[in-house]
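Here the structure comes first, spelled out in structure tokens, and everything after it is commentary.
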Amino acid sequence: MAIFHLHVKNISRGDGRSAVAAAAYRAGETLPNEIEERDSAFGGRRDVLHAEIVCPVGVPPWMLDRATLWNAVEAAERRKDARLAKEIEAALPRELPPEAWLVVCRTFAAHYAGQGFVADFSIHDDGSAHNPHVHVMLTTRIVTGAGFGGKIRSADGRQFVEDARAVWAELVNAALAKAGLDVSVDPRSHARAGVDRVPTQHRGPDAAERRSRREKMGLSRLLMSKVVKEPDGERARLLRDWPASQMRHSLAENGDMPVPGPDGGLISQGQLDEAQTRMLDDMESPSRDEPARALARRWSENPEPSHRPPQDHTAPFTSRRWATEVSDPEPADEREASFRSRRWETGHEDGSHQEPEREREYEERVRERTRD
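This is the structure we're talking about:
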């Protein structure tokens, strides 16, 4: 069944792309890139069947050289976001031989050369005949005898895409009919063609498909390891239990695997985490409370406050005097009398008292504060 696919896109400097590198990649060649001052090397490609440049009539001969052409295109554009080239990518019908592909592509490129474009096309096929296609790169400026002129604005609109699809479908259908094949392609959308089917997109091997392949490979390895050791009944059991086993492994990897509880019910992973947290707290609490328990035991054995440091009776009276004054806001006279009574009650173990000079010094300070 012949399929229709055609996609139009821009090669823009604003996207960080290079026309020279794009042409080298599609043609499978190594081209000098003057703007980047290095070679765009893609000469090792083996899926390029044919590459060719089709020019309008009367163009300079140097435009037939791929490296010179696309370096001139780069030099003609000054803007940092310039559109360097237009690209048309189209699927080739697998029902046709490669010789017919070349005729279709050459005719398609000549169609645009007649409108003033330089068309550089490359046919790709990896040999599997699964996805043969063509890339057509078009210049975006009018070709003059000296080089390039103004932009071709007809390539900017939606009509350019519609015309490209119609021309390509016409050429492909003509080639299919010439080959005697009763198939054709339709460039219209499903809605325009009246087809009641949801359109799909091309999908490569996505993650789900790759995972499915890995699981099948794992099953094959498992069966190969069991083929000698296990009887046929065991192999049948492995095949039967494989999906459930894979599901259990997947749930366990994601942390969602429930476990059976004492009553036969299932315990979720969240409940298991909470139980583990409580168990760790219970294990750590004795070590956290041990200092307080030891202190309580010492106090119960010795009720005297022996753990308190002894008072320093040799400290200056002034320091204790000011501490008393802050904590007990008495009048000055009452403070002096109170101090005298405490002063004579406080003495050394041998019954001696502080020196008279220090007492007189303190009395003078008290009188000064009373006058203030």
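Read in order, the letters of the sequence shown are residues 66 to 437 in my numbering. Cβ coordinates follow ideal geometry from the N, Cα and C atoms, glycine included. Just so it is clear, the structure is predicted and the values come from calculations on it, not from any experiment.
Coarse secondary structure for residue i, derived from DSSP in three states
{"i": "T204", "result": "strand"}
{"i": "H255", "result": "helix"}
{"i": "R430", "result": "helix"}
{"i": "E424", "result": "helix"}
{"i": "F173", "result": "helix"}
{"i": "E227", "result": "helix"}
{"i": "V119", "result": "strand"}
{"i": "V263", "result": "coil"}
{"i": "A240", "result": "helix"}
Cross-strand partners of residue i (DSSP beta bridge)
{"i": "A150", "result": "I76, T204"}
{"i": "P97", "result": "D104"}
{"i": "D338", "result": "Paired residue(s): none; D338 is not in a bridge."}
{"i": "V199", "result": "A155, I188"}
{"i": "F69", "result": "Bridge partners of F69: none, in fact."}
{"i": "V113", "result": "H189"}
{"i": "K145", "result": "Beta-bridge pairing links K145 to no other residue."}
{"i": "F182", "result": "Answer is none; F182 lacks a bridge partner."}
Distance CB(residue i)-CB(residue j) smaller than 7 angstroms
{"i": "A178", "j": "V119", "result": "yes"}
{"i": "G79", "j": "D146", "result": "yes"}
{"i": "A244", "j": "D251", "result": "no"}
{"i": "L246", "j": "T172", "result": "no"}
{"i": "H200", "j": "L157", "result": "no"}
{"i": "F213", "j": "R206", "result": "yes"}
7 angstroms Cβ shell around residue i - same chain, five flanking residues per side excluded
{"i": "V248", "result": "M66, A67, E160, L241"}
{"i": "L84", "result": "The sequence given here places Ala at residue 84; Leu does not occur at that position. Taken in chain order, the residues that qualify are I76, W135, V138, E139, L149, A150."}
{"i": "N98", "result": "S83, V85, A86, D104, S105"}
{"i": "A92", "result": "V113, A116, R131, S187"}
Own chain, CB closer than 8 angstroms to residue i, minus 5 neighbours either side, in chain order
{"i": "H176", "result": "V232"}
{"i": "T457", "result": "Nothing about residue 457 can be read from this structure; the chain reaches only from 66 to 437."}
{"i": "V183", "result": "I118, V119, C120, P121, V124, M128, L134, L203, T204, V208"}
{"i": "G215", "result": "R206, I207"}
{"i": "R262", "result": "H255"}
Proximal residues to residue i (C-beta, below 6 angstroms), its chain only, five neighbours per side dropped
{"i": "R144", "result": "none"}
Closer than 8 angstroms is the cut-off here; do at least three beta carbon pairs connect the segment 108-120 with the segment 182-198? Yes: at least three Cβ pairs fall under 8 angstroms.
Could you tell me whether the segment 214-229 touches the segment 68-78, where touching means 3 or more Cβ pairs closer than 8 angstroms? As far as the Cβ criterion goes, the segment 214-229 touches the segment 68-78, which means the pair count is three or higher.
Does the pairing of the segment 101-108 with the segment 166-174 give three or more beta-carbon distances under 8 angstroms? no
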